[in-house]
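Written out below as structure tokens is the structure these notes cover.
Residue numbers (our numbering): 1078 to 1289.
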């Protein structure tokens, strides 16, 4: 396995509570820019990173797996001097977040998943698996998946922009490899980390955030 490294990242805020933000399969670290523009930068410091093969981390080799990204995220936390931190992950990034907790549960203050992939994998059927596999090299398949997963309610112009951005900001080999990992790799067993209470919707175990 390749060594962890400090991946390209964006820092927003100056607060004492560090938060690592992890993007999904179709995104990169810029996905969080609109949200972080309205975040509480006095209480939190957010670090949004590009995963290997995405954005400014395009062309960086190693294993394209959620476990590898989790190790890279911990390396980023070390680089920033964060002994503890929180983590937020969208979709594939949600599975990365769970990997981080499995690797270093004592360091994670809070974990938030935004439509996260379960630690057990997505459990796709044959038809879905074929479509998602095809998406690495087929823009039409990417568009169909984005349309399906957003409820078929968003305009064509938005879908086309999302596909164009995905193609421009992800390496094809990385995109394909991450799919095989997030969809089918299962690390949810009791020997692979602490147990968390389930969220109120079907999905992975979630570490709850303390109420203030």
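Heads up, the beta-carbon is just placed ideally off N, CA and C, and yes, glycines get one too.
Taking the C-beta atoms as reference points, residue 1101 is found nearer than 8 Å to residue 1170. About 11 Å separates the beta carbon of residue 1149 from that of residue 1085, a gap too long to meet the 8 Å contact definition. Within the same chain, Cβ atoms closer than 7 Å to the Cβ of residue 1236 are found at 1220, 1223, 1224, the five residues on either side in sequence being excluded.
Counted as a single uninterrupted DSSP element, the stretch harbouring residue 1082 is not any alpha helix (DSSP H), since DSSP gives it neither H nor E. Membership of residue 1167 in the beta strand (DSSP E) is indicated by the continuous run 1162-1167.
Put simply, of 1251, 1261, 1117, 1080 the residue whose alpha carbon is nearest the alpha carbon of residue 1197 is 1261.
In this structure the stretch 1198-1208 does not lie against the stretch 1134-1149, because fewer than three pairs of beta carbons, one per stretch, are closer than 8 Å. Runs of the beta strand (DSSP E) spanning 3 or more residues and lying entirely within the stretch 1097-1153 occur at 1121-1126, in chain order. Looking at the DSSP output, residue 1190 sits in a beta bridge with 1166. Contact holds between the stretch 1111-1130 and the stretch 1083-1098, because three or more Cβ pairs, one in each stretch, are under 8 Å apart.
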